[in-house]
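The opening residue of the sequence shown carries number 10 in this note's numbering; numbering runs sequentially from there. Glycine residues also receive a C-beta, built at the ideal position from the N, C-alpha and C atoms.
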Amino acid sequence: MSDAVISNYSRIIDISQPVDSTSACFPGDVPFSRNITVSYKDSGVLNLTSLTMSPHVGTHADSPVHIKGDMSENEGMASQLPLDAFIGPVRVIDLAPYEGGITAEQFLSKVAKLETLPPRILFKTCHQIRYQVWEEKYAFLTVELVEALQSKDVKLVGIDTPSVDHTESKNLETHHKLDEFNFVWLENLDLTKVDEGNYFLVAPPLKFVELEASPVRAVLLA
Ligand SMILES: [Zn+2]
């Protein structure tokens with residue numbers, strides 16, 4: 010992005026969750042861990058690490074192969090997610106505090122009086138993020154909401170909870186509806202420092218050619 014774009018904004022708001030060995034993850038998923046392969050103390054030259062984690066730890070984007078297809082075919086991987094969807098004007102909608110399925114009605118009533126709507130929508134549902142705690146209850150997107158977002162030409166949707174689907178969803182119907190409409194989506198955002206309004210989102214995924222999701226460093230320019 011050019012300096013000209015950045016200079017239109019005066020503030021960078023970090024909307025990413027920290028990633029460390031205490032970060033919560035989906036029950037049964039692989040948490041972050043670090044292995045120090047070379048230490049400066051021993052080598053006198055450098056510190057070097059390797060890491061292990063599910064790409065769904067912390068703030069991240071899922072790619073289509075997360076919910077369909079064959080991992081050996083390299084189709085729908087994180088590297089193929091469209092960058093333009095992750096960079097550009099965005100609207101933050103504040104529903105906090107809210108648990109449960111976000112409805113089309115909630116979304117449509119929030120945007121009814123707006124003259125224009127950016128093609129990216131982030132839902133704030135928490136006043137506090139406890140990133141080290143696996144929250145049993147959290148807000149998610151309903152299928153009818155995804156249809157309403159589609160009708161407004163939205164292409165990216167994000168939420169400050171671990172999943173776009175209900176925690177007990179077995180068939181991940183919201184993930185599938187988003188994929189059907191060619192949406193991209195962000196999970197595990199931290200919007201606690203953000204008020205409702207329009208911003209500029211920057212949150213590209215890493216170019217992981219063999220993964221079904223990627224961490225992002227998500228920021229809003231204000
Ligand atoms: Zn995910």
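The DSSP assignment places complete alpha helix (DSSP H) segments of no fewer than 4 residues inside the region 33-116 at 49-52, in order along the chain. Within the region 114-183, the runs of alpha helix (DSSP H) at least 4 residues long that lie entirely inside it are, in chain order, 152-160.
The three-state reading of DSSP puts Leu210 in strand, counting E and B together. Proximity of the beta carbon of Glu177 to ligand 1 is not indicated: no heavy atom of the ligand is located closer than 7 Å. If you check the C-beta of Ala222 against ligand 1, you find a heavy atom less than 7 Å away. In this structure, Gln137 lies near Thr201, with their beta-carbon atoms less than 8 Å apart. In this model, Glu84 and Leu90 are separated by some 11 Å (Cα to Cα). With 16 or more other Cβ atoms from the protein chains shown falling within 10 Å of its own Cβ, Val99 counts as buried.
The C-alpha of Val47 lies about 10 Å from the C-alpha of Gly53.
For the pair Pro213 and Val203, the CB atoms are not nearer than the 8 Å cut-off.
Between ligand 1 and Asp71, a heavy atom-to-CB distance of less than 7 Å is present. With respect to the 8 Å criterion, Ala105 and Ala87 are not classified as neighbours on the basis of their beta carbons. The region 185-192 makes no contact with the region 111-127: fewer than 3 CB pairs, one atom from each, lie closer than 8 Å. Ranked by Cα distance from Leu123, the options Asn56, Gly206 and Leu60 are led by Gly206.
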